[in-house]
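Each residue of the sequence shown is one higher than the one before, starting from 9 at the first, in our numbering.
The C-beta atom is built at its ideal place from N, Cα and C for all residues, glycine as well.
Computed from a predicted structure; not experimentally measured.
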Amino acid sequence: MGNRTMMMRLIDVALIILLGFIAISRLKTEYIELPAAGKAQPQTDKVATAVLHLYSNHFDYVIDGRKKRSKSIAALEGVLLSSKSSLLNRRTKLVVNIEPHKSSIMQNLVDVLDICQRNQIEKNFDYDRIN
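Structure below.
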């Protein structure tokens with residue numbers, strides 16, 4: 009009988025600690041993205057992987073063996089958006105592998121990450137190619 013009461017006390021202590029952490033945590037709803045009614049996207053069945061090479065003065069975007077060169081961030085954003093929308097029409101999700109060249113500057117990488125985040129494009133880094 010003593011083991012059973014000891015187990016109940018341990019469970020009580022664990023629940024009190026858990027509730028204490030929940031009470032003192034500062035979760036705000038602004039940190040949590042809640043689903044919105046107008047943002048429903050079609051269900052995707054397949055994944056298309058594109059490669060984005062970053063250089064010091066241009067960007068090379070390669071998907072399905074076709075290469076598109078962009079000289080500016082605005083042009084690159086247009087290419088990424090058109091590619092994403094055409095793939096969504098075919099029920100395919102776009103994933104961009106970002107490969108910065110040694111000559112690229114950090115600001116270009118930050119701009120590309122901003123574009124992907126702003127337009128909800130999934131991104132990935134090819135760490136083997138970077139190092």
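| query | result |
| --- | --- |
| Segment contact flag, the stretch 18 to 30 with the stretch 94 to 106, C-beta cutoff 8 Å, min 3 pairs | no |
| Check whether N3 and T57 have beta carbons under 9 Å apart | An answer regarding residue 3 cannot be provided, because it is not within the stretch 9 to 139 covered by the chain. |
| Pick from N11, I71, P108 and R17 that is closest to N65, judged by C-alpha positions | P108 |
| Cβ shell of D68 (< 7 Å), same chain only, five flanking positions each side left out | H61, K75 and R77 |
| Minimum C-alpha distance to L117 - residue among V21, Y63, G73 and I19 | Y63 |
| Which residues DSSP lists as bridging I106, in chain order | L60 and F133 |
| Inter-residue CB distance, V103 and V55 (contact presumed, cutoff 8 Å) | 6 Å |
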